[in-house]
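If you read the sequences in order, they're chains X and F.
Take the first sequence: its position 575, counted from the start at 1, is 579 in my numbering, and no numbers get skipped.
Take the second sequence: its position 33, counted from the start at 1, is 59 in my numbering, and no numbers get skipped.
To start, the structure under review is shown below, and the notes come after it.
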Amino acid sequence: MKDKIVEKIAKSIEIFVNSIKLKSIQFIISFSFILITILAMLFVGIAIYNKVSILSEQNAIINTRQIIDQVNTNLDYYMRSMIEISDYLDNIIYYDNDIQNDKLREQMNVIVSSRKDIVTLAIFSDNGDLILSVPSNKIKSSANIKQQDWFTTPLREMGNLYFSSPHVQNIFEGQHKWVVSLSRKVIINRNGKRIPGVLLVDMNFSVIDQICTKVAFGKKGYIYIIDSKGNIVYHPQLPLINVGLKRENIKEVQEHVFGKFFDKVNGERRLITIETVNFCRWRIVGIAYMDEISTIKKDMSLYILWVLLIGILFFISISAFISAKISRPIKQLEKSMMLVEKGQFDVNIDVKGEAEVAQLSRTFNIMVSRIKQLMNQIVEEQESKRISELNALQAQINPHFLYNTLDSVVWMAENGKSDDVISMVTALARLFRISISKGKNIISVSEEIEHARNYLVIQSIRYRNKFEYEFDVQEEALKYKTLKLVLQPIIENAIYHGIEYMVDKGKIKISVSVTNGKLLFEVRDNGVGIEEEVLNNLLSYESSKKKGSGVGVKNVHERIRLYFGKEYGLKIESELDVGTNVQIWLPLIEEEKLEAKQNEIQR
Amino acid sequence: MKYKGSLLLTFCCLIILLQSCFTDKNMNVDVNNAHKKNIAFISKTNYGYHWATVKQGANVAAREFNVDIDFMAPDVEEDADEQINLVNNAIDNKDKVVDAIVLAASDYNKLVGVIEKAYQRNIPVIIIDSQVNTNKISSNIITDNFEAGKSMGNVLLDICGKTANIVIMSFVKGSINAKQREEGLNSVILKYPGIKIVSKEYCYSDTNLAYNIIKNILLKNNNIDAVIALNDIASEGVALAIDELNLEGKVKVIAFGSTTQELNYLEKSVINAIVIENPFSIGYLGVKFAVDAIENKKIPNKYLIETKVIDKNNMYLPENQRMLFPFVW
Chain X
5 MKDKIVEKIA KSIEIFVNSI KLKSIQFIIS FSFILITILA MLFVGIAIYN
55 KVSILSEQNA IINTRQIIDQ VNTNLDYYMR SMIEISDYLD NIIYYDNDIQ
105 NDKLREQMNV IVSSRKDIVT LAIFSDNGDL ILSVPSNKIK SSANIKQQDW
155 FTTPLREMGN LYFSSPHVQN IFEGQHKWVV SLSRKVIINR NGKRIPGVLL
205 VDMNFSVIDQ ICTKVAFGKK GYIYIIDSKG NIVYHPQLPL INVGLKRENI
255 KEVQEHVFGK FFDKVNGERR LITIETVNFC RWRIVGIAYM DEISTIKKDM
305 SLYILWVLLI GILFFISISA FISAKISRPI KQLEKSMMLV EKGQFDVNID
355 VKGEAEVAQL SRTFNIMVSR IKQLMNQIVE EQESKRISEL NALQAQINPH
405 FLYNTLDSVV WMAENGKSDD VISMVTALAR LFRISISKGK NIISVSEEIE
455 HARNYLVIQS IRYRNKFEYE FDVQEEALKY KTLKLVLQPI IENAIYHGIE
505 YMVDKGKIKI SVSVTNGKLL FEVRDNGVGI EEEVLNNLLS YESSKKKGSG
555 VGVKNVHERI RLYFGKEYGL KIESELDVGT NVQIWLPLIE EEKLEAKQNE
605 IQR
Chain F
27 MKYKGSLLLT FCCLIILLQS CFTDKNMNVD VNNAHKKNIA FISKTNYGYH
77 WATVKQGANV AAREFNVDID FMAPDVEEDA DEQINLVNNA IDNKDKVVDA
127 IVLAASDYNK LVGVIEKAYQ RNIPVIIIDS QVNTNKISSN IITDNFEAGK
177 SMGNVLLDIC GKTANIVIMS FVKGSINAKQ REEGLNSVIL KYPGIKIVSK
227 EYCYSDTNLA YNIIKNILLK NNNIDAVIAL NDIASEGVAL AIDELNLEGK
277 VKVIAFGSTT QELNYLEKSV INAIVIENPF SIGYLGVKFA VDAIENKKIP
327 NKYLIETKVI DKNNMYLPEN QRMLFPFVW
């Protein structure tokens, strides 16, 4: 089963391959056309795609950078406003005579209640005591303020503002709020003494969140913020980061203060843009998925693919069409040439194709007609050559006949048979006269009969008592003409091959009649007959090559057919030991027609 | 004829070419109209910090993967019959086709029937926070309760040394989570003959009951060195009792969970150490795995979520405060 299927498949493939004529003009034209267009389209497509993708990538990078810059500006602005608040409070604290006054508390209250993003404002002395806080919170007994970064750093580094990492503010009782702490060193007038202290501004993430949430690069892109230590300040998926379900490549980001780089996560190329916020040294990190932000790249590749595909289909059909158009007249021409090859010269090609092909077909037509003309000429020449040959042949007198006749005459003269001599010589003289008959080919029927009679006279004297003959001539037949010397060869044949070997006396009957609108000579003998094999070949072309019997008969046949066409000629019927009947069919030729015929042959 | 054919083909190509310029827009419309996946999220109860955080995680995942979530829960925790009803309703709801179910099964055996029913209907079921007695589920996300128990045992050894009288406060009899935590705990403390379990109690997830039981025990016995509470509700009750009796420091408390109450007690040193779960991850991964199962992605059969031991000293480390305090802005 399997083998059969395999065989079938192999066969069908073979048929398919064979059907593509690799060297046909149509194939070559289509193939090269398609190849060139595909290559050209591919080249252009790839070039355009490359350029567009580079441009779109650059565009995307610029866009991302602009968005990040915007975020940076906003954050910068926000931070500045926070610093301004702290500056303002610093001023008040510095010029206050005593820290414990209601004016400061009032100011702080106004600030906290007017700004939702400020969670706490608090002032600490340098030994960690809470001097003032709004809203007023109790410090946890367990709180260790002196160990908090936001407390120690500004005291250590003079004049510095400190932005903490996001952390849980755990110094106030019952509160665990996530905040970013801004702290600075302040000089406090307390009980008449100027002592250093710390101003703490705790802010929540609402504003930072507002600034960052709406930023998106495509569907998946986002930004996040890390502080100088690498802690995440803001991240849209912070809960996931917190529990460790998502990680950011913070190490690599920390190596950059400003700039961009690409990385690959889960096979997706990401653009990472980094910018640093001025006051707090935070870094804004934008993550953009290149697939998304340069969507035009994907669209373009799809579009180019489509255009390529359709274009190729389009060009295949066009090239098939053009190649067919070009090769069709050539194929037509080829077909006609095949006909000519087979021998049909009646072809006339009417090819309406390209100028070259039309010219070719015209030339071909001329060539074919010329060949046809030449061939006809050759046929004619051959024919006339044959006629002249045969004419020469008919003029020949069998020399043996002449010797034998003359021998007989001599023999009869010696024996004193003067009557016989006279009649024989007379007959011979008449025979020759008619034979020559002034070089004419066509003679009257009566002359032809006369010729045959004279011949039979001579032969009957030579073959004494061997045969007898009779003539049966229709009166009507006598007014027609005939090709000369058609009877004599047949009679000669009847005598030499039919009667000579007979034991009994032979009989030759010659009749002339008009039958079926044709002139018919009939020579009937009762000789030994002709074998069928010989009979069949007697009139065909090959037999003429063999020497001996039947040459004369065949000559007669061919001569008649050359002169008058294939419907005339000889018809031989023979039966062994019974006899042979030879019919000679000729057209009815009257005087006037003869002239025309004669002229035609001579021309 | 042949040429007419190729002309026709050319014409068709041109039409396709023209059409292709417009198809993109149509495709986009299709994407937007696509059916938004719907996930039924059935928890053990609606109350408490633990389940609120689980929900929070589920919501984050829902937003990330663009799916709808229906939260459902029985009013009383461990009400398995009500849960069976909820699952059945979700499966049979014809108005809203459920693409996946995330289930925190209250009972190891009772819910097997409905879970297998959903499985037969080709609805992926993700079991979270607990285990069920069937393998015809898509995935199982649980806290590594045995490890949690072991951690509690190790903390006990660190705090009390190798001799101690302890009370274990479990929550529900028959709860597989409670059982595994106990087993983990036992795997450590049974090695030390000096550690004696004075009593093992069940509070049935009732803070007051836990408070009363412990108060009674502590009033009767003054040789108790430590109380180990196996879930957050039990922990709060125990801590309340210790705080009220002013026994902090004398009777050590090892608690489970990270409610605000517990954290306050931890800061006040009423509770000496807590083992915290990661309920956010449970919720988040439950929904994430459900989405993956809908999309025929490969997901693990079983996903264990680690626990962590927190004490007063390390609770404000950046990595720990993130786990302990919900980030609210």
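From the three backbone atoms N, C-alpha and C, an ideal C-beta is built for every residue, glycine too.
These numbers come from a predicted model, not from an experiment.
Pair within 9 Å by beta-carbon distance, residue i and residue j
| i | j | result |
| --- | --- | --- |
| Ser129/X | Ile192/X | yes |
| Phe265/X | Glu272/X | no |
| Gly248/X | Ser177/F | no |
| Ser156/F | Ala116/F | no |
| Ile58/X | Thr277/X | no |
| Phe221/X | Ile300/X | no |
| Ile353/X | Ser340/X | yes |
| Ser284/F | Leu350/F | yes |
| Ile154/F | Leu182/F | no |
| Thr486/X | Val527/X | no |
| Val138/X | Ala126/X | yes |
| Phe167/X | Leu186/X | yes |
| Asp107/F | Lys136/F | yes |
| Ile593/X | Tyr484/X | yes |
| Ile62/F | Val93/F | Position check: residue 62/F holds Lys in this sequence, whereas Ile was assumed. Yes, the pair counts as a contact, with Cβ atoms nearer than the cut-off. |
| Ile514/X | Glu474/X | yes |
| Lys189/X | Val205/X | no |
| Ala498/X | Val429/X | no |
Those residues which DSSP pairs with residue i across a bridge
| i | result |
| --- | --- |
| Gly583/X | Glu579/X |
| Gly290/X | Ile227/X and Thr277/X |
| Ile185/F | Answer is none; Ile185/F lacks a bridge partner. |
| Asp96/F | Ala66/F |
| Phe128/X | Leu134/X and Val202/X |
| Leu539/X | Leu539/X pairs with nothing; no bridge assigned. |
| Thr519/X | Lys522/X |
| Lys276/F | Answer is none; Lys276/F lacks a bridge partner. |
| Gln173/X | Lys181/X |
| Ser36/X | According to DSSP, Ser36/X bridges with nothing at all. |
| Ser284/F | Beta-bridge pairing links Ser284/F to no other residue. |
| Met207/X | Ile122/X and Val184/X |
| Thr169/F | Ile331/F |
Heavy atom of the ligand GTP within 8 Å of residue i beta-carbon
| i | result |
| --- | --- |
| Ile320/F | Because no ligand of any kind appears in the structure shown, any question about the ligand GTP cannot be addressed here. |
- Query: Counting pairs of Cβ atoms below 8 Å between the segment 174-181 of chain X and the segment 141-150 of chain X, do you hit three or more?
  - Reply: yes
- Task: Taking only beta carbons into account, state which residues of the segment 123-143 of chain F come closer than 7 Å to chain X, listed in chain order.
- Result: none
- Indicate whether the contact test is met: 3 or more Cβ pairs, each with one atom in the segment 149-157 of chain F and one in the segment 315-332 of chain F, closer than 8 Å. yes
- Is the number of C-beta pairs between the segment 318-326 of chain X and the segment 38-46 of chain X that are closer than 8 Å three or more? yes
- Between the segment 278-288 of chain X and the segment 81-98 of chain X, are three or more C-beta pairs nearer than 8 Å? yes
- Can you list, in chain order, the residues of the segment 72-100 of chain F whose Cβ is nearer than 8 Å to any Cβ on chain X? Gln82, Gly83, Val86 and Glu90
- Task: Check each residue of the segment 335-352 of chain F: if its Cβ is closer than 9 Å to any Cβ of chain X, include it; give the result in chain order.
- Result: Lys338, Met341, Tyr342, Pro344, Glu345, Gln347, Arg348, Met349, Leu350, Phe351 and Pro352
- Query: How do the segment 224-235 of chain F and the segment 185-196 of chain F stand: do at least 3 beta-carbon pairs fall below 8 Å, yes or no?
  - Reply: yes
- Task: Decide yes or no for the touch test of the segment 265-277 of chain F against the segment 235-249 of chain F: beta carbon pairs closer than 8 Å, at least 3 of them.
- Result: yes
- Message: What ranges does the beta strand (DSSP E) occupy inside the segment 388-468 of chain X, keeping only unbroken runs of at least 3 residues that lie completely in it?
- Response: 446-448
- Quick one: which residues of the segment 298-316 of chain F get their C-beta closer than 7 Å to a C-beta of chain X? List them in chain order. Asn304, Phe306, Ser307 and Tyr310
- Cβ pair count under 8 Å reaching 3, the segment 106-113 of chain F against the segment 278-289 of chain F: no
- Pair every Cβ in the segment 532-544 of chain X with every Cβ in the segment 571-589 of chain X, then say whether three or more of these pairs are closer than 8 Å. yes
- Query: Okay, do the segment 163-183 of chain F and the segment 319-335 of chain F touch, 3+ Cβ pairs below 8 Å being the bar?
  - Reply: yes
- Cβ-based contacts, 9 Å cut-off: residues of the segment 241-252 of chain X near chain F: Gln241, Leu242, Pro243, Leu244, Ile245, Asn246, Val247, Gly248 and Leu249
- Quick check: the segment 98-110 of chain X against the segment 229-240 of chain X, are there 3 or more CB pairs under 8 Å? no
- the segment 99-109 of chain F in contact with the segment 63-82 of chain F per 3-pair CB rule at 8 Å: yes
- Evaluate the contact criterion for the segment 114-126 of chain X versus the segment 151-171 of chain X: three or more CB pairs, one atom per stretch, below 8 Å. no
- Message: Short of 8 Å Cβ to Cβ, which residues in the segment 137-158 of chain X face chain F?
- Response: Lys144 and Ser146
- Item | Near-chain F residues of the segment 223-243 of chain X - C-beta to any C-beta below 8 Å | Asn235, Gln241, Leu242 and Pro243
- Message: List, from N- to C-terminal side, the alpha helix (DSSP H) runs of 4 residues or more that fit wholly inside the segment 282-350 of chain X.
- Response: 294-297 and 299-346
- Query: Between the segment 275-290 of chain X and chain F, which residues of the former have a C-beta closer than 7 Å to a C-beta of the latter?
  - Reply: none
- Item | Within 9 Å of chain X by C-beta, residues of the segment 277-294 of chain F in sequence order | Thr286, Leu289, Asn290, Glu293 and Lys294
- Task: Using a Cβ-Cβ cut-off of less than 7 Å, give me the residues of the segment 564-595 of chain X that come near chain F, in sequence order.
- Result: none
- Item | Positions along the segment 174-187 of chain X whose CB lies within less than 7 Å of some CB in chain F | Asn174, His180 and Trp182
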